[in-house]
Amino acid sequence: MDAIRMATTSMVEKFREIQLFPEVSGNLVIGIVFITAVIMAVYCIKTFRRRVEVPNEVPMNQEPRFRKRDKMIFYGKKYLRKVKQLSQPQDGGYRRTIRKRQKVMFNFGKE
Numbered sequence: 001m002d003a004i005r006m007a008t009t010s011m012v013e014k015f016r017e018i019q020l021f022p023e024v025s026g027n028l029v030i031g032i033v034f035i036t037a038v039i040m041a042v043y044c045i046k047t048f049r050r051r052v053e054v055p056n057e058v059p060m061n062q063e064p065r066f067r068k069r070d071k072m073i074f075y076g077k078k079y080l081r082k083v084k085q086l087s088q089p090q091d092g093g094y095r096r097t098i099r100k101r102q103k104v105m106f107n108f109g110k111e
């Protein structure tokens, strides 16, 4: 304890010898140093916590992603349904072609 007291008094005396601010007391200097140390500690703790990444929890029942292929199949089927509703072909051969395309698209969607 005496060593700490002697060290602080010697530091205060050296500070007074410099005489930058002769009216500043030793307690004020110690207070400023303490406040600066606390502020630096808080800053370091906050920056350390930001660097540590919290792992994201993955839900157990996660549905599969809606892939681009599935999206194209969905819109293709939708388009074929609209074509089916809007067009009433008079030629049987044309109708067979549409059915063939629909069959291919629906079978592709099942795979």
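Using UniProt numbering, you'd call the opening residue of the sequence shown number 1 and step up by one each time.
The beta-carbon is built from N, C-alpha and C at its ideal position, and this holds for glycine as well.
The structure displayed is predicted, hence computed values, not measured ones.
Only residues of its own chain outside the window of five on either side were considered, and among them V12 have a CB closer than 6 Å to the CB of G26, listed in chain order. Remark: C-beta atoms of F48 and K77 do not approach each other more closely than 9 Å. It is roughly 32 Å from the alpha-carbon of Y94 to the alpha-carbon of R67.
Separation of the CB atoms of I73 and V83 is rounded to 16 Å, and the pair is thereby denied contact status at 8 Å.
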